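Each remark here refers to the structure printed beneath this line.
In the numbering used here, the protein residues as written are 1 to 117.
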């Protein structure tokens with residue numbers, strides 16, 4: 001895993017954000033990234049507690065091994081960082097140092113090692 005290769009130089013953190021394909025907003029029927037659990041069938045949370053519950057389920061289902069925090073339903077992280085669909089950030093000494101954008105997602109994570117201090 002990526003965090004194993006960088007653990008001596010960087011701390012990793014996942015942020016659970018707005019549901020991309022909530023059934024009440026933009027549903028999809030694909031289960032290709034959901035293991036044997038079938039299509040994701042959740043509503044967009046309207047309260048922080050609901051989003052936290054979904055985040056806990058995600059961590060359990062995918063055996064996430066990095067700490068996760070949850071963006072409140074007011075979406076301040078989403079507003080400030082535009083993380084959708086998938087973004088990776090390197091923050092150094094409180095400043096954004098590097099951002100991997102969707103067009104660069106095919107970049108191998110191992111290639112990011114030189115970016116970490």
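No residue lacks a Cβ here, since even glycine has one placed at the ideal position from N, Cα and C.
All values derive from a computational prediction rather than experimental measurement.
Alpha-carbon to alpha-carbon, residue j and residue i
| i | j | result |
| --- | --- | --- |
| residue 28 | residue 93 | 39 angstroms |
| residue 43 | residue 60 | 19 angstroms |
| residue 75 | residue 11 | 23 angstroms |
| residue 23 | residue 96 | 33 angstroms |
| residue 83 | residue 26 | 17 angstroms |
| residue 47 | residue 9 | 35 angstroms |
| residue 87 | residue 53 | 22 angstroms |
| residue 69 | residue 98 | 20 angstroms |
| residue 45 | residue 63 | 22 angstroms |
Residue i, enclosing beta strand (DSSP E) - first and last residue
| i | result |
| --- | --- |
| residue 69 | 68 to 70 |
| residue 79 | Where residue 79 is concerned, there is no enclosing beta strand (DSSP E), although the alpha helix (DSSP H) it sits in stretches over 76 to 81. |
| residue 14 | 14 to 16 |
| residue 92 | 88 to 92 |
Terminal residues of the alpha helix (DSSP H) in which residue i lies
| i | result |
| --- | --- |
| residue 97 | Premise fails: residue 97 lies in the beta strand (DSSP E), 95 to 100, not in any alpha helix (DSSP H). |
| residue 58 | 48 to 61 |
Closest residue to residue i among the options (Cα-Cα distance)
| i | options | result |
| --- | --- | --- |
| residue 16 | 91, 100, 77, 89 | 77 |
Any non-hydrogen atom of the ligand ADP closer than 7 angstroms to residue i Cβ
| i | result |
| --- | --- |
| residue 77 | For the structure depicted, the ligand ADP is absent and the ligand set is empty, with no information on it obtainable. |
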